[in-house]
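These protein sequence lines map, in sequence, to chains A and B. For the first sequence, position 531 (counting from the first letter as 1) is numbered 531 according to our numbering, and the numbering increases by one without interruption. In our numbering, each residue's number is its place in the second sequence (first place is 1) plus 809. Where is the CB? At the ideal position from N, CA and C, for every residue including glycine.
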Amino acid sequence: MKEVACTHCHLKFSEDVMITETHGEHTLYFCCNGCQGVYHLLNEEGLGSFYDKLGDTTLQPAAQKHDDLERFDLEGFKNKYIKVHEDGLYEIHLIIEGIHCSACVWLNEKVLHKTPGILEASINYTNNKAKVLFDPEEIKLSKIIETIRSIGYNAYPYDPALQEERAVSTRKSYYMRILVAVFGMMNIMWLAIAHYAGYFSGIEQRFKDILNVAEFILATPVLFYSGWIFFRGAYYGWKNRIVNMDTLVATGALSAYLYSIYAMVTKTGEVYFDSVVMIITFVLVGKYLEVLSKKSAVDTLDSIMGTTPTEVTLIKGNSKALVSVENVTQGDLIELKPGEKVVIDGKVVSGEASFDESSLTGESEPILRQKGDEIRSGSICLDSVIRYEATKDASSSLLSSIVSLLEESITKKPRIEQLANTVSGYFSTTILLIALATFAGWYLATGSFERSLIVGISVIVIACPCALGLATPMATLVGISLAAKRGILFKEATYLETMAKSDLLALDKTGTITEGKPSVIHAQVEADFDPALLYALTESSNHPVSQGIKRYLETRYEKLSTPTLTEIKSIEAKGVEAYCETTHLLGGNAALMRSHGIKIDHEGEHTLFYFAVGQEIKAYFELSDRLREGAKEAIEAIQKMGIRVVMLTGDHEASAKRIAQVVGIEEVYARLLPQEKAALIDRFHQEGHIVVMAGDGINDAIALARSDIAIAMGNGADVAISVSDVVLLDERPKSLQEAYRISRRTFRAVKENLAFSLLYNLIAVPLAVAGYVTPLIAALSMSLSSLIVVANSMRIKSLRFREDSREQR
Amino acid sequence: MSDNIIILMIGVSTFLGALGLLALLWGVKSGQFDDQSKFIDATRFDNEEDLRDAAMMEEKRQKRAKKKKEDKSYMPPD
Numbered sequence: 001m002k003e004v005a006c007t008h009c010h011l012k013f014s015e016d017v018m019i020t021e022t023h024g025e026h027t028l029y030f031c032c033n034g035c036q037g038v039y040h041l042l043n044e045e046g047l048g049s050f051y052d053k054l055g056d057t058t059l060q061p062a063a064q065k066h067d068d069l070e071r072f073d074l075e076g077f078k079n080k081y082i083k084v085h086e087d088g089l090y091e092i093h094l095i096i097e098g099i100h101c102s103a104c105v106w107l108n109e110k111v112l113h114k115t116p117g118i119l120e121a122s123i124n125y126t127n128n129k130a131k132v133l134f135d136p137e138e139i140k141l142s143k144i145i146e147t148i149r150s151i152g153y154n155a156y157p158y159d160p161a162l163q164e165e166r167a168v169s170t171r172k173s174y175y176m177r178i179l180v181a182v183f184g185m186m187n188i189m190w191l192a193i194a195h196y197a198g199y200f201s202g203i204e205q206r207f208k209d210i211l212n213v214a215e216f217i218l219a220t221p222v223l224f225y226s227g228w229i230f231f232r233g234a235y236y237g238w239k240n241r242i243v244n245m246d247t248l249v250a251t252g253a254l255s256a257y258l259y260s261i262y263a264m265v266t267k268t269g270e271v272y273f274d275s276v277v278m279i280i281t282f283v284l285v286g287k288y289l290e291v292l293s294k295k296s297a298v299d300t301l302d303s304i305m306g307t308t309p310t311e312v313t314l315i316k317g318n319s320k321a322l323v324s325v326e327n328v329t330q331g332d333l334i335e336l337k338p339g340e341k342v343v344i345d346g347k348v349v350s351g352e353a354s355f356d357e358s359s360l361t362g363e364s365e366p367i368l369r370q371k372g373d374e375i376r377s378g379s380i381c382l383d384s385v386i387r388y389e390a391t392k393d394a395s396s397s398l399l400s401s402i403v404s405l406l407e408e409s410i411t412k413k414p415r416i417e418q419l420a421n422t423v424s425g426y427f428s429t430t431i432l433l434i435a436l437a438t439f440a441g442w443y444l445a446t447g448s449f450e451r452s453l454i455v456g457i458s459v460i461v462i463a464c465p466c467a468l469g470l471a472t473p474m475a476t477l478v479g480i481s482l483a484a485k486r487g488i489l490f491k492e493a494t495y496l497e498t499m500a501k502s503d504l505l506a507l508d509k510t511g512t513i514t515e516g517k518p519s520v521i522h523a524q525v526e527a528d529f530d531p532a533l534l535y536a537l538t539e540s541s542n543h544p545v546s547q548g549i550k551r552y553l554e555t556r557y558e559k560l561s562t563p564t565l566t567e568i569k570s571i572e573a574k575g576v577e578a579y580c581e582t583t584h585l586l587g588g589n590a591a592l593m594r595s596h597g598i599k600i601d602h603e604g605e606h607t608l609f610y611f612a613v614g615q616e617i618k619a620y621f622e623l624s625d626r627l628r629e630g631a632k633e634a635i636e637a638i639q640k641m642g643i644r645v646v647m648l649t650g651d652h653e654a655s656a657k658r659i660a661q662v663v664g665i666e667e668v669y670a671r672l673l674p675q676e677k678a679a680l681i682d683r684f685h686q687e688g689h690i691v692v693m694a695g696d697g698i699n700d701a702i703a704l705a706r707s708d709i710a711i712a713m714g715n716g717a718d719v720a721i722s723v724s725d726v727v728l729l730d731e732r733p734k735s736l737q738e739a740y741r742i743s744r745r746t747f748r749a750v751k752e753n754l755a756f757s758l759l760y761n762l763i764a765v766p767l768a769v770a771g772y773v774t775p776l777i778a779a780l781s782m783s784l785s786s787l788i789v790v791a792n793s794m795r796i797k798s799l800r801f802r803e804d805s806r807e808q809r
Numbered sequence: 810m811s812d813n814i815i816i817l818m819i820g821v822s823t824f825l826g827a828l829g830l831l832a833l834l835w836g837v838k839s840g841q842f843d844d845q846s847k848f849i850d851a852t853r854f855d856n857e858e859d860l861r862d863a864a865m866m867e868e869k870r871q872k873r874a875k876k877k878k879e880d881k882s883y884m885p886p887d
């Protein structure tokens, strides 16, 4: 059977399942009605050139149908997401799903531009976020989203005010400051070369003056515009009576700058404008990288948050109404559809359904909730429609109370004193005191104010800027960028240091050590088993078990065509039933099979899934929550580093113990509620440990907030990511170990750098105090010391790569 | 070599460089570098059509502004 590509989405299917259309000589193939519709729509609109731009990229089939459009026009929605401009225009931020390439961006923008009432639409390709400006008198939000859906994409709003706006504006401001700093630095460097050349081969004072003035002009904006951040930081530090890194950079750069002006005006000695811009630029770039990694974490977060419902379906008598969650009171009847997230706690009144409660308890298997059972907010309804009575209002529901607990915890979050900051804090105070003493001593000894001032300033100049200023930022800069390349985002540079000092790692089970969703671990099929039938059946259900089977089939068999199923019926907590033409298909657990009169004789400790065609079992699968790849090795390696590893989980003891045994963890704490996890972390603190906690769910969030370093999985719950300090984008347990190694290596480099610059100062400062600092010594020692610090920091990188290649071999 | 030549050389080259820097800063400020991938692709897809699109959007804005103005200038008789 020949396989052809769908004209719209370019996915390949066998020819006989495709919808065909003949236009003269051309034959068009479509995989579904959705794709067909989009193709004709685009051609009618004259946007056919989309397909030229698309090239060979494949898209998602444009099949999805939603009926939730009206909720976008609700008042609560408007208040939450729409920003009203002064001239009456509405601004909405959307995340667009299904963007694969720049042609998709082009198409969406084009279609939005053509829609009347839309005055501005720009889509960011990198994070798929769109900003749309529209006239509410001409078009409604639901219409905009419908337009986007009509061409095969999906859009949902998010609130940029939360974090993104701030992140974007800081990033921009940093970027501009860096541009100015780099421009200044590069120009001063070539002027400085002339200076140095002149120093060795002689230069007339009048040329020197010209160079000095030019350098002065270039250095001034760098110091006061680019370096503004450090002055601000130093000011806040001074207000709180803390001598911090910013104080050091600010005083160092400023004193070198003032000294240079003095040297320029009096035409005595050398100027140090090049050192001023160099220190500002390097430290600034380090800070910028921190801002960048924060920004990507925010991007990940927004896409998850946009899916949390703001409204629930309320039943009043015989009518249904969408009501914003804040307006729901105790005793209201709420309808829950499959796939919806529960936002309000309650008690089931009618119907039964499976719930995914993994984000609350960590238990990976879905739980059946029947009439009279309690359902908790944060869980997700999986397979059928139920009605429940709200027993609490939104603000006191479990989800919200966890969030408020979290907010409390974040403010209480312990902070370990940073070595680098304390050292440089003491150091800069000491240097300032020595400089003052030197000035006083020289003034008393010689009586010459000018001479003593120069010597005093020269102490500060030679002591501080480059080496010590660069010691920490340079090393953490290399460390952070190295980590980011491996999918580990450190939200702040200082976390590297804290992590390096930690001696206890607390791991959540579900979603951290394991994948958090069931996967096939054993399969047994009959000879005449047709995977395509089962594939079609599993596609019709979003139950985790079905999804697990689907993933298994996708990897096991190539290119499965999907025959059309009819009368698809999902049976709560049991499975799915459907017909393919006249053949009766059945997929589900043993109870489902028995209820259809099929005898089952297997027994297993894991979840079992049977597939029957016409009353005959054709295949059966054993599913279990699988360990993440490399979990065992990673945990072993971490333990070898001398770190105590414990497991905290909400799951029951037996399954926790089983997993723990496999990965080699001896300390297991099972059946923990979110608050109890946090209490355990507090206990570890009291025992004097520095705790790193890795988790992914809402149930881990409080514990994450209480720990010294919180590591979240990139696909984890939104709250978990927002309270965490480190995000593992690729979710590999090996990244945990890598994070440890990178942070320890970086911390070692920081210590080396600090030790070196202290040693350097021990030699240089006494010389400066004695008044022996000639321009040659100052210039040479300064650039040399910073070069050594930079080179030492770079070693983090090279060492890392060597280890990698060894691992690969 | 006279002082003035040096001053002129440094001055002119720095000034030219500063112009470039200012243009770059303006670009950053007006959001042209917010999306790196799109910024690169823009060269690939740049054509007349985009220009026409931009003109169309501008027209839409103006039309709306005009309409707003008319609405405002209209005083209900009392």
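Straight-line Cα distance separating residue j from residue i
i	j	result
residue 275/A	residue 204/A	23 Å
residue 370/A	residue 379/A	15 Å
residue 546/A	residue 522/A	15 Å
residue 435/A	residue 459/A	6 Å
residue 707/A	residue 217/A	48 Å
residue 662/A	residue 734/A	16 Å
residue 620/A	residue 152/A	36 Å
residue 537/A	residue 549/A	10 Å
residue 266/A	residue 256/A	15 Å
residue 495/A	residue 709/A	7 Å
residue 484/A	residue 122/A	28 Å
residue 42/A	residue 669/A	57 Å
residue 130/A	residue 12/A	30 Å
residue 388/A	residue 367/A	16 Å
residue 185/A	residue 198/A	19 Å
residue 145/A	residue 278/A	50 Å
Residue i burial status per 10 Å Cβ neighbour count (16 or more: buried)
i	result
residue 337/A	exposed
residue 730/A	exposed
residue 44/A	exposed
residue 872/B	exposed
residue 132/A	buried
residue 195/A	buried
residue 699/A	buried
residue 18/A	buried
residue 607/A	buried
Reduced DSSP category for residue i - H, G, I as helix; E, B as strand; rest coil
i	result
residue 695/A	strand
residue 690/A	coil
residue 136/A	coil
residue 615/A	coil
residue 523/A	strand
residue 338/A	coil
residue 382/A	coil
residue 513/A	helix
residue 18/A	coil
residue 685/A	helix
residue 313/A	strand
| said: Extract the residue ranges of the alpha helix (DSSP H) inside the segment 158–202 of chain A, only unbroken runs of 4 or more that lie entirely within it. | reply: 164–201
| said: Beta carbons nearer than 7 Å to chain B: which residues of the segment 181–195 of chain A have them? | reply: 183 and 187
| said: Residues of the segment 166–177 of chain A in Cβ contact with chain B at a cutoff of 8 Å, in chain order, please. | reply: 168, 172, 175 and 176
| query | For the segment 201–218 of chain A, which residues have a CB atom closer than 9 Å to at least one CB atom of chain B, in sequence order? | reply | 206, 207, 209, 210, 211, 213, 214, 217 and 218
| query | Residues in the segment 829–845 of chain B with C-beta within 9 Å of chain A's C-beta atoms, listed in sequence order? | reply | 829, 830, 833, 834, 837, 838, 840, 842, 843, 844 and 845
| Where the segment 102–124 of chain A meets chain B: residues whose CB sits under 9 Å from a CB there | 102, 103, 105, 106, 109, 110, 113, 114, 116, 117, 118, 119, 120, 121, 122, 123 and 124
| said: By the 8 Å beta-carbon criterion, what residues does the segment 217–237 of chain A contribute toward chain B? | reply: 217 and 218
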